[in-house]
Amino acid sequence: MAPSQDSPASPLGLPLLQVLRLGLFQGCLGAMAVVFAGLLNRIMLTELAFPGLLVGGALAFEQLVAPSRVLFGQISDARPFQGRYRVPYVVGGSTLYCLIAVLSIPLIFFVGDAIATDNSRAFWGGATALCGLFALFGLAVGMATTPYLALVIDRTTEQERPRAVGIIWCMLTVGIIVGAVCIAITLRRVDGVTDPAVLQPALQRFMIQLAVVVLALTVVACWGMEPRGGCRSGNRNPEEEMTLPRTWALLTASRQTFVFFGFLVLFALGVFLQDPILESYGAEVFGLPISQSTILNALWGTGTLLGLLLAGFLITPRLGKMAASRLGCQLTTLSLALLFLAGCTGQVMVLQVVMVLFGFAVGIATNATLSLMLDLTLPEAAGTFVGAWALAQALSRALGKLMGGGLLDLGHAFMPEGLGAGWLPPAFPAYGFVLFIEVLIMAAATWSLGAVRVHQFRGDTAGTLARVLALELD
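In this text, residue positions in the sequence shown follow our numbering: the first is 163, and each later residue adds one.
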C-alpha cells in the first residue's frame with residue numbers, strides 16, 4: 163500500500179500517521195490493562211483482604227476464555243462486517259471491555275463487604291459473579307486484539323514486521339506508563355486509605371474517565387485504517403474464505419505449530435507469573451503505598467520501551483529473530499533472578515532498578531518473539547493463526563494468575579515469616595517462593611525455543627493450504 167501524498171513515509175513503507183495510529187490502539191489497551199489487572203489486584207489483595215487464590219482465580223478467568231480467540235480470528239478471516247474484516251471487531255470488543263471495566267468496581271467492593279461482614283452467601287455469589295465478569299472482559303479483549311494483530315499482518319510485509327512490532331508495542335508500553343502515572347496522580351489522595359466508602363467512589367470516577375478516553379482514542383486509531391473489502395481485498399474470493407474444517411487442517415498440519423505453542427505457553431507464564439502479586443510484593447515487602455506500587459508498572463514499562471526500540475531497530479534485524487528471542491529469554495531469566503534477590507534487601511531503590519532491567523529484557527524478548535510469531539503465520543489465514551498464538555499466551559497468563567495467587571497462599575501457609583532470619587523482610591519468603599518458580603519456568607522456555615523451526619512450519623502449512631483449497635474447489 164503506497165503512502166499517501168500528504169503523509170510522511172515511515173520505516174515501514176506506510177504513512178507515519180497510520181503507523182502511530184496502529185500503535186494507538188495498543189496504547190489504549192496498555193492503559194486499561196495496568197488499571198484493570200494492576201491496580202485492582204492490589205486493591206483486592208491488600209486493601210480489601212481478598213484471598214490470594216480468589217484474586218488469581220478471578221484474573222485467570224479473563225484468560226480461561228482464550229479458546230474464543232481462535233474463533234474470533236477465524237470469524238475475522240471469514241465474516242466481514244459492512245465490507246471490513248478487522249476494524250469492526252476491534253471497535254466492538256473495545257466498547258465491551260471498557261463497559262465491563264466500569265462495572266467491575268461495584269462488584270469488587272460488594273465482595274469485599276461480604277468478606278468484612280463474614281457473609282458467606284454474599285461472598286460466594288459475589289465471587290462467582292466476579293469470575294464471570296472477568297471472563298466477559300477476556301472475551302471482549304480477545305474480540306478486539308485478535309483481529310487487530312491480523313490487521314498488523316495485513317498492513318506489513320515480513321521484512322517490515324520487526325520494526326512494526328517495535329513501534330506498535332512501544333505504544334503499548336507508553337500506554338502502560340501513562341496509565342500508571344495517571345493512577346499515581348489521580349489516586350494519591352487515597353494513599354493509606356482502607357475505608358471502602360472512600361475508596362470506591364474515587365476508583366469508580368477514575369475508571370469511568372479512563373473508559374471514556376480509551377474508547378474515544380480507539381475509534382480515532384481505527385478510523386479509516388481498513389478499506390471496504392479488507393486490506394488484502396484483491397486476494398480474497400468466496401472460494402478461499404477460511405472455514406472451520408480448513409482452519410483445523412491448517413492448525414494441525416505441522417508439528418511446529420504445537421512446538422511453538424508450547425514455547426509461547428512457557429514464555430508467557432515465565433513473564434506473567436508475578437503479575438497478580440507484583441503490586442502487593444511492593445506493598446508488603448518494600449512498604450510502598452498505592453500510588454507508589456503502581457509506579458512499578460511505569461518503571462517496567464520504561465525498560466520495556468527501551469528494549470522494544472533497541473530490539474526492533476538493532477538487535478532483531480542484526481541477530482535474526484531466533485537468536486534475538488533466545489537472548490531476550492536469557493536476559494529475562496536473569497532479571498527475574500534479580501527481582502527475587504531484590505526482595506532479600508527490602509530496599510525500594512533496588513526494586514526500582516531491577517524493574518527497569520526486567521522491563522528491558524522483556525522488551526527484547528517480546529519484540530523478537532512477536533516477530534517470530536508473525537512469521538509463523540500464513541497471510542491467507544492470519545486471523546486463524548494469530549488466534550492460536552493468542553490462545554497460547556492467554557492460557558499461560560490465566561495459569562500464571564491462578565498459580566501466582568495460589569503459590570502466594572501456599573508460601574504464606576508453609577513458610578515462616580522471614581524464615582527465622584532477622585535481616586529478611588518478614589513477608590519475603592512467600593513472595594520469593596513465587597519468583598523462584600518463575601525463574602525455573604523462564605529457563606524452561608529458553609530451552610524449548612531451540613526446537614522451533616520456521617522453515618519447516620512454512621513448508622508444512624503452505625502445502626496443506628494448497629491441498630484443502632483444491633479439495634474444496636473440486
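Even for Gly, the Cβ is constructed at its ideal location relative to N, Cα and C.
Inset, instruction - Please say whether T494 and S533 have beta carbons closer to each other than 8 Å? - result: no
Inset, instruction - Ignore the nearest five residues each way along the sequence and tell me which others in R422's own chain have a CB closer than 6 Å to its CB. - result: Checking the sequence, you will find Phe at residue 422 rather than Arg. Closer than 6 Å at Cβ, skipping near neighbours: L538, V614.
Legend entry - DSSP-derived helix/strand/coil call for R241: coil
Legend entry - DSSP three-state assignment for R559, whether helix, strand or coil: helix
Legend entry - 8 Å Cβ cutoff met for Q371 and I267: no
Legend entry - 8 Å Cβ cutoff met for M517 and L468: no
Legend entry - Among L431, L500, F520, F598, the one whose alpha carbon lies nearest that of Q225: L431
Legend entry - Backbone CA spacing between E441 and M206 [nearest angstrom]: 11 Å
Inset, instruction - Please determine, among L481, G214, V616, V381, the residue with the shortest C-alpha to C-alpha distance to Q418. - result: V616
Inset, instruction - Would you kindly check if the distance between the Cβ of H574 and the Cβ of A592 is under 8 Å? - result: yes
Legend entry - Straight-line gap, L500 to N203 (C-alpha atoms, nearest Å): 23 Å
Inset, instruction - Measure the C-alpha to C-alpha separation of V217 and A276 and round it to an integer number of angstroms. - result: 15 Å
Legend entry - Closer than 7 Å: V264 CB and nearest the ligand ZN heavy atom: Summarising the ligand content, the structure contains no ligands, and the ligand ZN is consequently not present.
Inset, instruction - Could you tell me the distance, in whole angstroms, from the CA atom of I339 to the CA atom of I452? - result: 16 Å
Inset, instruction - Closer than 6 Å by C-beta to V336: which residues in its own chain qualify, once you throw out the five before and the five after it? Chain order, please. - result: G189
Legend entry - C-alpha distance - L519 paired with G245, whole-angstrom precision: 45 Å
Inset, instruction - Go ahead and pull the three-state DSSP assignment for E402. - result: With a pLDDT of 44 at E402, under the threshold of 50, the modelled position of that residue is not reliable, and no figure is offered here.
Legend entry - Nearest neighbour of I330, chosen from L471, I599, Y259 [CA to CA]: L471
Legend entry - Bridge partners - R246, DSSP secondary structure assignment: F243
Legend entry - CB contact check: I270 to chain C, cutoff 8 Å: Given the protein chain composition of this structure (a single chain), no chain C is represented.
Inset, instruction - Consult DSSP for I330 and reduce its assignment to one of helix, strand or coil. - result: helix
Inset, instruction - Identify which residue in T356, Q454, G463 has its Cα closest to the Cα of A195. - result: G463
Legend entry - Alpha carbon of P400 to alpha carbon of A240, nearest angstrom: With a pLDDT of only 39 at P400, under 50, the local geometry of the prediction cannot be trusted, and no value is derived from it.
Inset, instruction - Please name the residue in K483, A373, V512 whose C-alpha comes closest to that of S497. - result: V512
Legend entry - Cβ neighbour criterion (16 or more within 10 Å) applied to A291: exposed
Legend entry - Helix, strand or coil at T318 according to DSSP, with G and I counted as helix: coil
Inset, instruction - Starting from the Cα of R317, find the closest Cα among R183, A373, I345 and give me that residue. - result: R183
Legend entry - Exposure of L476, with buried meaning 16 or more beta-carbon neighbours within 10 Å: exposed
Inset, instruction - Go through its chain and collect everything with a Cβ distance to L557's Cβ below 6 Å, but skip five positions before and after it. - result: A228
Legend entry - Within the segment 475-534, ranges of the beta strand (DSSP E) (whole runs, at least 3 residues): none
Legend entry - Under 8 Å between C-beta atoms of V333 and G255: According to the sequence provided, residue 333 is Met. The question's Val does not apply to it. For M333 and G255, no; Cβs fall outside 8 Å.
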